[in-house]
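My numbering puts the first residue of the sequence shown at -2, with every later residue one more than the last. By construction, the Cβ of each residue, glycine as well, lies at the ideal position given by its N, Cα and C atoms. Just so it is clear, the structure is predicted and the values come from calculations on it, not from any experiment. Below is one structure; the comments refer to it alone.
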Amino acid sequence: MKDRKLILVSNDDGVDARGLENLINMVLPYGDVFVVAPEKGQSGMSHSISLLEPLRTRKIKIGTELSIIAVSGTPVDCVKLAINQLLPRKPDLMVSGINHGSNSAISVIYSGTMGAAIETSLYGIPSIGFSVLDHSKDADFSLVVKHGTKIIEDVLENGLPPQVSLNVNFPVTDEKNYRGFKICKQTTGVWKEEFDKRTDPYGGDYYWLTGDFHNFEPGNEESDEWALANNYASVVPVKIDFTEYNTINELKKRIK
-2 MKDRKLILVS NDDGVDARGL ENLINMVLPY GDVFVVAPEK GQSGMSHSIS
48 LLEPLRTRKI KIGTELSIIA VSGTPVDCVK LAINQLLPRK PDLMVSGINH
98 GSNSAISVIY SGTMGAAIET SLYGIPSIGF SVLDHSKDAD FSLVVKHGTK
148 IIEDVLENGL PPQVSLNVNF PVTDEKNYRG FKICKQTTGV WKEEFDKRTD
198 PYGGDYYWLT GDFHNFEPGN EESDEWALAN NYASVVPVKI DFTEYNTINE
248 LKKRIK
C-alpha cells in the first residue's frame, strides 16, 4: 500500500541476535520492515565506518512486508548503505536494537546501537535506540516488547526534532515492579578503565579491557541511571551537536 510506513531496523549485536528478532516483531504491525544489520557482532563500534575495505551484503530474506540483509560492516555502515543504496525510499522511522546491555549515561558515545540511530537522525529520519540492562545472550526482552511500542507509536505520530534520536533503556525487572517511562537526562559520569594484563604461551603481553562506571550524580532523580536503578525505563533525547555553547563567548574574549 502506498501509505504504509517504511521502517528501517538495525543493531550492533549482529543479524542473528535475539534482541534484533524481538525488535522486528515489535515494529512489524506498524509498516513494511527493512532490516540492514551487521553480519556479526559490532558492540562498542560507536560511529565508526569502514574505509579500508568494501562492504559486502548477504540477502537473508526479501519480501513485501519484511526484508533482511546482512552487511559485513559496522552499524553505521549498515544504515548509510541502507539509506543510500538498499531502501526503496526514505524510511519513516528507524529503530535500533534491542541491545543486549545498557547504553545509558556515557555509554551512549561507545554504543554501536546508538551510533546507528544517531547516524540515521542526521538524515532527518526519526530514530530510536532500544536497550535492556542484561548482557546475556538469552536476555529477557518482554518488557521492551510490551511497553516499547508506546514510544514507537508516539514517534510515528509526532516525529522528533531535526537530528534528534531517543536513547531508550529498560531495567531488568518484572511487570509487577516496572514503574513506566521516565523522560530524563544523560547521567554525568565516566568509565574507569582497568586492563587485565596477561601473557600468551609465546611470552607476548596482551590486555583485556575491564572497568566500572563511576556515577558523579547518584542522587539525581532526573538522570537515566537513577531511573533505571528505580525500575523505570529511561528515555533520553540525544542530539549530535557537541558544541559547548556556554564557552563560546568566553573563548571569543580570550582568543583573537
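Mind checking F213: buried by the 16 CB within 10 Å criterion, or exposed? Translated into the one-based positions of the sequence shown, residue 213 becomes position 216. With fewer than 16 Cβ atoms within 10 Å of its Cβ, F213 is classed as exposed.
Please classify K56 as buried or exposed, where buried requires at least 16 other C-beta atoms within 10 Å of its C-beta. Position 59 of the sequence shown, counted from the first residue, corresponds to residue 56. Label assigned to K56: exposed.
Short check: CB of D221 to CB of A102, under 8 Å? On the sequence shown, residue 221 is found 224 positions in, with the first residue counted as 1. On the sequence shown, residue 102 is found 105 positions in, with the first residue counted as 1. Contact flag set, yes.
Please state if the CB of G16 and the CB of A136 are separated by a distance shorter than 8 Å. Counted from its first residue, the sequence shown places residue 136 at position 139. Counted from its first residue, the sequence shown places residue 16 at position 19. Closer than 8 Å, so yes.
Would you check if there are 3 or more beta carbon pairs closer than 8 Å linking the stretch 160 to 170 to the stretch 36 to 44? no
Where does M(-2) sit, in a helix, a strand or coil, going by DSSP? What you label residue -2 is simply residue 1 of the sequence shown in a count that begins at 1. Low local confidence applies: a pLDDT of 41 at M(-2) is under 50, so the model's placement there is unreliable, with the coordinate-based value given in what follows. Coil at M(-2), not helix or strand.
Which stretch, first to last residue, makes up the beta strand (DSSP E) that contains M91? One-based indexing of the sequence shown puts residue 91 at position 94. Per DSSP, M91 belongs to the beta strand (DSSP E) from 90 to 97.
Between the C-alpha atoms of R1 and G186, what's the straight-line distance to the nearest angstrom? In the sequence shown, the residue the question calls residue 1 occupies position 4. In the sequence shown, the residue the question calls residue 186 occupies position 189. Their backbone Cα atoms lie some 42 Å apart in a straight line.
Could you tell me if T207 is buried or exposed, where buried requires 16 or more neighbouring beta carbons within 10 angstroms of its beta carbon? Within the sequence shown, numbered from 1, the residue matching residue 207 stands at position 210. Exposed, by the Cβ-count rule.
I'd like the list of long-range same chain contacts for V142, defined as Cβ closer than 6 Å, with 5 residues on each side in sequence excluded. Stepping through the sequence shown from its first residue, residue 142 is reached at position 145. Around V142: N19, M23.
Work out the CA separation of A230 and K255 for me, nearest whole Å. Examination of residue 255 is not possible in this model, given that the chain is present from -2 through 253 alone.
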